[in-house]
Amino acid sequence: FEQRGGRTIMKFAKYLVEEGEPSIVLGEENTFLYALGANNEIGYHAKRDSFVVDLSSSTDTEMPEEEEVEGTTCIKITTGGKDGDNGRLIVSIDSGNGFQQVEEGSHPLLDLVHDECYATFVGLQVTSDSENDWVGTIEYSNDNKETYVPFICENCDSTSTSTEANPIVVDGDAVFGTDGAHCGNGATCSLIKKEMFPAQAPDDTVTPDDTVTPADTPAVTPDDTETSTLFPTEALVPAPAPATQCILVTVGSFQGDNGPIVFYVDQGIGFEEVFSGTRPPGEVMIDECYPNIVGVQVTSNSLNDFVGSFEYSADERATYGFMTCDDCDDTSTSDVANPIIVDGDTATEKEGAHCLNGAICNLIKP
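In my numbering, each residue's number is its place in the sequence shown (first place is 1) plus 133.
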């Protein structure tokens, strides 16, 4: 492997004839498959395709030149239409030569910040060095601008209410005035296509049981079943991500601490309910680990308080820290969820973080 100038070069040797594998035939057309990723992390491939090579028996035959391809990924970035949406935004795009800055500055409301198509698209990053939010949508099209789909923010803040960049809030601090994907504190956030997101991998994943397309058949298209035993295909199938991020919820030990709650976790594809109900005082209510935790929410519609603690571990239960409540009631005596009181009304005399009146409260990792 060699990496330079934003490009990765892989060189390898392959026998023309190997037992148990299709032969590479001189003087005939041979179909080869390839796949490439979005970065140096192992995951689902960003692009895959096939190509046909006529391997003439002559040793001085030149390989066919790479075919020019019109822009296949079109990117559209639009500023929101509300007062205050037009903060400063910095956009960088990797079109095969490393990330290059393509936009920088503030833009009028509803302004089309960026509208370009790229023959090769590897990645997109956004950031801001201003305390004024930029709010808007960041979308892409794979069909020459016929239809658009919002990007997914891969590493947005845990306060995000969605992973889709529709809208996305990009800010130099951590004060967000709009729901959506939150890219704050001057962080550089990576946006990826939905089809590149591991949790939404397409159904036509290449598997080791597939067989190679005959050499005289048309080139395989993304809609066809790609089949080959020319190369080890296990590397093309994403391995399950390790579940190293854990949540531990414990009910308080006093009588009456065990009111019912509803608990949601966002693993990167939106909030999903993972628990609803009660447990006896002093018992563990939730002890689960996930590959990725973007956000945690709690609520209750009961008049009976839930009192307990919410802890988070980033190292598969080796150590824990208490989560904090981002938007608990102003009657709270602490924002640390140790304890947190979750209730459907406002009647509580207990000290701690107060999530009251049936509100949905967001808990943040320590």
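By construction, the Cβ of each residue, glycine as well, lies at the ideal position given by its N, Cα and C atoms. Predicted model only: the values in this text are computed from it and were never measured.
The beta carbon of residue 375 sits closer than 7 Å to those of 424, all from its chain and outside the five residues before and after it, given in chain order. Closest in alpha carbon position to residue 237, among 212, 156, 274, is 212. Residue 272 sits buried, since 16 or more C-beta atoms from the chains shown fall within 10 Å of its C-beta. In the DSSP annotation of this structure, the continuous segment of the beta strand (DSSP E) that includes residue 234 starts and ends at 232 to 239. In the three-state reduction of the DSSP assignment, residue 405 falls in the strand class.
At the C-beta level, residue 476 and residue 433 come within 9 Å of one another.
If you look at residue 256, you'll find it in the beta strand (DSSP E) that goes 256 to 260. Beyond the five residues adjoining it in sequence on each side, residue 247 comes within less than 8 Å, by CB distance, of 208, 209, 210, 224, 235, 236 in the same chain, given in chain order.
Here residue 260 is not near residue 302, since their CB atoms are 9 Å or more apart. Within the DSSP secondary-structure output, residue 496 pairs in a beta bridge with 429, 458. In the three-state reduction of the DSSP assignment, residue 209 falls in the strand class, which pools E and B. For residue 300, same chain residues with a beta-carbon under 7 Å away, outside a window of 5 residues either side, are 213, 268, 269, 270, 311, 313 in chain order. Non-local C-beta neighbours of residue 305 in its own chain, meaning closer than 6 Å and more than five positions away in sequence, comprise 261, 262, 263, 264, 319, ordered along the chain. Bounds of the beta strand (DSSP E) holding residue 164 are 162 to 169. Beyond the five residues adjoining it in sequence on each side, residue 452 comes within less than 8 Å, by CB distance, of 446 in the same chain, given in chain order. Assignment of residue 328 by DSSP, reduced to helix, strand and coil, places it in the helix class. Where residue 157 is concerned, there is no enclosing beta strand (DSSP E), because DSSP gives it neither an H nor an E.
Per DSSP, the beta bridge partners of residue 486 are 473.
DSSP, read as helix, strand or coil, puts residue 186 in strand. Here residue 490 has 478, 479 as same chain residues with Cβ atoms under 7 Å from its own Cβ, once five neighbours each way along the sequence are excluded.
As the crow flies, the alpha-carbon of residue 169 is around 49 Å from that of residue 487. Of the residues assessed, residue 255 falls on the buried side of the cut-off, its CB having 16 or more other CB atoms within 10 angstroms. Taken atom to atom, the span from the alpha-carbon of residue 448 to that of residue 245 is near 42 Å.
For residue 303, the enclosing beta strand (DSSP E) stretches over residues 301 to 303. Buried is the label assigned to residue 492, since at least 16 other Cβ atoms lie within 10 Å of its Cβ.
Rounded to the nearest whole angstrom, the CA to CA distance from residue 389 to residue 414 is 8 Å. Residue 221 and residue 240 have their C-alpha atoms roughly 7 Å apart.
A residue is called buried once 16 or more other Cβ atoms fall within 10 Å of its Cβ, and residue 396 is buried on that count. In this structure, 419 is the residue among 276, 461, 143, 419 with its C-alpha nearest to the C-alpha of residue 444.
A Cβ-Cβ distance of about 5 Å is found for the pair residue 258 and residue 321, placing them in contact under the 8 Å criterion. One Cα belongs to residue 284, the other to residue 482, and the distance between them is close to 45 Å.
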